[in-house]
Amino acid sequence: MPNSTKFIIDFDSTFTQVEALDVLGEISLAQDPKKAEKLKAIKDITDMGMEGTLNFRESLERRLAILEATKPQISELIVELKSKVSKSFQRNKEFLSDNAENIIIISNGFKDFITPIVGEFGIKPENIFANEFVYDDSGKIVDFDRENILSKNGGKPETIKNLNLEGEIYVIGDGYTDYEIKASGMANKFYAFTENINRPKVTSKADHIAPSLDEILYVNKMNKKFSYPKSRINVLLLENVHPIGVELMKQEGYNVEVIASALSEDELAEKIKNVSVLGIRSKTNVTKKVLENANRLISIGAFCIGTNQIDLETCTEKGIAVFNAPFSNTRSVVEMAIAEIIFLMRGFHDKSHGMHQGIWDKSATGSFEIRGKKLGIIGYGNIGAQLSVLAENMGLDVYYYDVIEKLALGNATKIDSLDELLETCDVISLHVDGRKDNENILDKAKIAKMKPGSYLLNLSRGHVVDINALKEALESGHIAGAAIDVFPEEPKNNSEPLVSELLGMKNTILTPHIGGSTLEAQQNIARFVPGKIMEYINTGNTYNSVNFPNIQLPFLKDAHRLIHIHQNEPGVLAKINNCLAKHEINIVGQYLKTNEKIGYVITDIDKAYSPDVIDDMKEIPGTIRFRVLY
1 MPNSTKFIID FDSTFTQVEA LDVLGEISLA QDPKKAEKLK AIKDITDMGM EGTLNFRESL
61 ERRLAILEAT KPQISELIVE LKSKVSKSFQ RNKEFLSDNA ENIIIISNGF KDFITPIVGE
121 FGIKPENIFA NEFVYDDSGK IVDFDRENIL SKNGGKPETI KNLNLEGEIY VIGDGYTDYE
181 IKASGMANKF YAFTENINRP KVTSKADHIA PSLDEILYVN KMNKKFSYPK SRINVLLLEN
241 VHPIGVELMK QEGYNVEVIA SALSEDELAE KIKNVSVLGI RSKTNVTKKV LENANRLISI
301 GAFCIGTNQI DLETCTEKGI AVFNAPFSNT RSVVEMAIAE IIFLMRGFHD KSHGMHQGIW
361 DKSATGSFEI RGKKLGIIGY GNIGAQLSVL AENMGLDVYY YDVIEKLALG NATKIDSLDE
421 LLETCDVISL HVDGRKDNEN ILDKAKIAKM KPGSYLLNLS RGHVVDINAL KEALESGHIA
481 GAAIDVFPEE PKNNSEPLVS ELLGMKNTIL TPHIGGSTLE AQQNIARFVP GKIMEYINTG
541 NTYNSVNFPN IQLPFLKDAH RLIHIHQNEP GVLAKINNCL AKHEINIVGQ YLKTNEKIGY
601 VITDIDKAYS PDVIDDMKEI PGTIRFRVLY
């Protein structure tokens, strides 16, 4: 950072996430019966002062009168504020310390609590300008130093004027009094800091809106770590991702756009051009054409179990990590399967439909208990295995078939061939993944092998059952009933109708792909998938990625982390290390894992580095993507 550049930084809601006097109110009014009313009054007065609708001195007088605080409570406040330093200031502690000489805190707050907080970031006491409390003999705050320029209206511009600073002056703050510095001609730029609060009357006056300190350092090319600011990571979430997932992404500092429905291939190909993170569910197809336009895409999150709607091969080739939620909705799908088995074997669906038409059909014909019946599970993964356990507990005899060797749970019996399973069981439940090999796994010939009078459930993928063959089997009575939650072609949103040959079929339960659509499942998914994406972006962890080599990394401490994704070919690791050696950079930790397509190398280094290192690493033959973490 050039010596001629000075940063003027506000304290409340900028250096810290909160207004200090609001927090002091929580402490000093803790036992006051009118606490809530008084705290609201303090906040309203603060907001009016920050927005410029109330002059500062009056706002200060009114707040102190309500607070009735004491000196010991200031010590409590300091402890609280140390945990409330803004996240981007915490991330850039090294920058603040290294450039402390050129950083000046000018605040309408009070030195009594500001100095201990910013001092931990290396900022010198002589560079801190703020008000000071006046205490009586008992330690009660009775006033403030009224001679202090910063206790008066227009105090910030006057303070800077008196400092006679030379060179460029940048002001960072969230309040109108910070803008006044620029308006008075005492600063070159005003950055409206919105990480903690966004005041429209202030941002409308800004030279630049800064969602974080990272953004300010980035646009001014002052961050020696070359980390990409989170505020520049654009996230696109489709198909009604649960609000928890949206909020987690926003809290991380990303720019988040939400669209309720799926997008067509052409729509997504256009929309994805500036997207860094894409979140989808099952209806959005991320094709090669889409990915060819996704030059900024870092990661895709499938807020569901399946990923067959994503071209994983192209994602891998382009260095895009894909994450899903393999366990989060397991219980919801299993409970639905159990319910549907009971409904089908009791004929509840048709009975209920008849009752709504006024038909009283009280009969036990075609109605069976599930106890003692044989359940056949095709696909013994997370869902199939849990269904096995619950079904056995309800009295079903469980059999399963899987192309991969899986350990039987409880008293389940492994069947070696699909035909034998179909011929043996009273109920068949499909729980396979969406790979192309599973298309029409139950075709006309396989459905014909099912035990006459049996039942079929498909809560997995729409293309794994031949729908026309299923319809014929239902019409002929070969199959006594079916429950279908997934379809080869599904509507893109709730306004489109379902088109299916199964509409109106007897004892056939049709549901709109809601196997995992419970509040609990959607909340679990909404926490799990963003967590994995943020962990990947922040630390390089690829654990649980469906297409990247899985690496679980230790926390990064006192080092920089270099992420290198490359084509899996011999000699790349040696070239990476030669590059680092050339720039005299010592490696403190290195992790490598490959799959058949790519290699993934994480290197931790213990010293600052020049842009030349970045350029050289990107130029290594076979490089797909390179990025730097703190």
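Residue numbers for the sequence shown follow full-length UniProt numbering, so the first one is 1 and each next one is one higher.
Just so it is clear, CB atoms sit at the ideal spot from N, CA and C, and this is done for glycine as well.
Here the structure is a predicted model, which is why all the values come from computation and not from measurement.
Cα-Cα separation between Phe226 and Lys318, rounded to whole angstroms: Reading the sequence shown from its first residue, position 226 is the one you call residue 226. Reading the sequence shown from its first residue, position 318 is the one you call residue 318. Confidence at Phe226 is low in this model, with a pLDDT of 46, below 50, so its placement is unreliable and the value that follows should be read with caution. About 22 Å.
Under 8 Å between C-beta atoms of Val464 and Val432: Translated into positions along the sequence shown, residue 464 becomes position 464. Translated into positions along the sequence shown, residue 432 becomes position 432. It is a contact, given that the beta carbons lie within the stated cut-off.
Phe193 beta carbon less than 8 Å from that of Thr53: On the sequence shown, residue 53 is found 53 positions in, with the first residue counted as 1. On the sequence shown, residue 193 is found 193 positions in, with the first residue counted as 1. No. Outside cutoff.
Val156 in three-state terms, based on DSSP: On the sequence shown, residue 156 is found 156 positions in, with the first residue counted as 1. First, the amino acid is wrong: residue 156 is Lys here, not Val. DSSP places Lys156 in helix when its eight states are reduced to three.
Residue burial classification, Lys156 (beta-carbon count within 10 angstroms, cutoff 16): Translated into the one-based positions of the sequence shown, residue 156 becomes position 156. Result: buried.
Limits of the unbroken alpha helix (DSSP H) element including Leu532: For the purposes of this step, residue 532 is identified with residue 532 of the sequence shown, where counting begins at 1. In the sequence as presented, Leu is not what sits at residue 532; that position holds Lys. Per DSSP, Lys532 belongs to the alpha helix (DSSP H) from Leu519 to Thr539.
Gly481 in three-state terms, based on DSSP: Locating residue 481 in the sequence shown gives position 481, where the first residue counts as 1. Note: Gly481 maps to strand in three-state DSSP.
Pairwise C-alpha distance: Asp12 and Val18: Taking the sequence shown and counting its residues from 1, the one referred to as residue 18 is at position 18. Taking the sequence shown and counting its residues from 1, the one referred to as residue 12 is at position 12. Roughly 6 Å between the two C-alpha positions.
Among Asn188, Leu81, Lys71 and Ser363, nearest to Ile117 - alpha-carbon criterion: Within the sequence shown, residue 117 is the residue found at index 117, counting from 1. Of the residues Asn188, Leu81, Lys71 and Ser363, the one whose Cα lies closest to the Cα of Ile117 is Leu81.
Pair within 8 Å by beta-carbon distance, Ile598 and Thr316: On the sequence shown, residue 598 is found 598 positions in, with the first residue counted as 1. On the sequence shown, residue 316 is found 316 positions in, with the first residue counted as 1. Yes, the Cβ-Cβ distance between Ile598 and Thr316 is below 8 Å.
8 Å Cβ cutoff met for Lys182 and Val171: As a working mapping, residue 182 is identified with position 182 in the sequence shown. As a working mapping, residue 171 is identified with position 171 in the sequence shown. Contact: yes.
Member of Arg461, Lys593, Leu580 and Val588 whose CA lies at the smallest distance from the CA of Pro611: Your numbering for residue 611 matches position 611 in the sequence shown. The candidate whose alpha carbon is nearest that of Pro611 is Leu580.
Residue nearest to Leu387 in terms of C-alpha spacing, selected from Cys304, Asn586 and Leu459: Position 387 of the sequence shown, counted from the first residue, corresponds to residue 387. Considering only alpha carbons, the answer is Leu459.
The segment 571-585 touching the segment 535-547, judged by at least three CB pairs closer than 8 Å: By the criterion of at least three beta-carbon pairs nearer than 8 Å, the segment 571-585 is not in contact with the segment 535-547.
Supposed close pair Asp616, Ala559 - CB separation, criterion 8 Å: Along the sequence shown, read from residue 1 onward, the residue named residue 616 stands at position 616. Along the sequence shown, read from residue 1 onward, the residue named residue 559 stands at position 559. So it is not a contact: roughly 19 Å between Cβ atoms.
Coil, strand or helix - Phe15 by DSSP: If you number the sequence shown from 1, residue 15 lands on position 15. The answer is helix: DSSP assigns Phe15 an H, G or I state.
DSSP three-state assignment for His242, whether helix, strand or coil: Counted from its first residue, the sequence shown places residue 242 at position 242. It is coil, neither helix nor strand.
Start-to-end residues for the alpha helix (DSSP H) that takes in Ile447: Reading the sequence shown from its first residue, position 447 is the one you call residue 447. Under the DSSP assignment, Ile447 falls in the alpha helix (DSSP H) whose first and last residues are Lys444 to Lys449.
Neighbourhood of Ile42 by C-beta, 8 Å cutoff - its chain only, sequence neighbours within 5 removed: For the purposes of this step, residue 42 is taken as residue 42 along the sequence shown, with counting starting at 1. Take Ile42, set aside five residues on each side of it, and the residues of its chain with a beta-carbon closer than 8 Å to its own are Leu21, Asp22, Gly25, Arg63, Ile66 and Leu67, in chain order.
Exposed unless 16 or more other CB atoms sit within 10 angstroms - verdict on Met336: Sequence index remark: in the sequence shown, residue 336 carries index 336 (1-based). It is buried - the Cβ of Met336 has at least 16 other Cβ atoms within 10 Å.
Top-ranked residue by Cα proximity to Arg625, from Lys93, Asn295 and Ala408: For the purposes of this step, residue 625 is taken as residue 625 along the sequence shown, with counting starting at 1. Checked all of Lys93, Asn295 and Ala408; the closest Cα to Arg625 is Asn295.
Integer-rounded CB distance, given that Lys230 should sit under 8 Å from Gly245: The residue labelled residue 245 in the question sits at position 245 within the sequence shown. The residue labelled residue 230 in the question sits at position 230 within the sequence shown. No, Gly245 and Lys230 are not in contact; Cβ-Cβ is about 16 Å, not under 8 Å.
Cβ contact (3+ pairs, closer than 8 Å) linking the segment 585-598 and the segment 339-359: Result no; under three Cβ-Cβ pairs closer than 8 Å.
Cβ contact (3+ pairs, closer than 8 Å) linking the segment 367-383 and the segment 394-405: yes
Residues near Val286 in its chain [Cβ-Cβ closer than 8 Å; skip 5 each side]: Along the sequence shown, read from residue 1 onward, the residue named residue 286 stands at position 286. Listed in chain order, the non-local C-beta contacts of Val286 below 8 Å within the same chain comprise Leu268, Leu278, Ile280, Ile300, Gln309, Ile310, Asp311 and Cys315, local neighbours out to five positions each way being set aside.
7 Å CB neighbourhood of Asp32 in its chain, flanking five on each side removed: Translated into positions along the sequence shown, residue 32 becomes position 32. Excluding positions up to five away in sequence, the list reads Lys38.
Closest residue to Asn196 among Gln522, Lys40 and Ala210 (Cα-Cα distance): Here the question's residue 196 lines up with position 196 in the sequence shown. Checking every option, the nearest Cα to that of Asn196 belongs to Ala210.
Collapsed DSSP secondary structure at Tyr191 in the structure displayed: To locate residue 191, count along the sequence shown from 1; it is residue 191. It is a strand residue.
Helix, strand or coil at Val403 according to DSSP, with G and I counted as helix: Within the sequence shown, the letter at position 403 stands for residue 403. Correct three-state label for Val403: coil.
Cut-off 6 Å between Cβ atoms - residues of its own chain near Tyr191, not counting five sequence neighbours on either side: Here the question's residue 191 lines up with position 191 in the sequence shown. Correct list, in chain order: Ile172, His208, Ala210 and Ile216.
Local conformation of Leu592 per DSSP, three classes: For the purposes of this step, residue 592 is identified with residue 592 of the sequence shown, where counting begins at 1. If DSSP states are grouped into helix, strand and coil, Leu592 belongs with the strands.
Cβ contact (3+ pairs, closer than 8 Å) linking the segment 256-276 and the segment 486-504: yes
Endpoints, the alpha helix (DSSP H) within which Ile74 is located: On the sequence shown, position 74 is the one that residue 74 refers to. From DSSP, the alpha helix (DSSP H) with Ile74 extends over Lys71 to Lys82.
Start and end residues, beta strand (DSSP E) containing Arg461: Taking the first residue of the sequence shown as position 1, residue 461 is located at position 461. Here Arg461 belongs to no beta strand (DSSP E), and DSSP marks it neither H nor E.
Phe348 in three-state terms, based on DSSP: As a first step, residue 348 must be located in the sequence shown, where it is residue number 348. Of the three classes helix, strand and coil, the one that applies to Phe348 here is helix, per DSSP.
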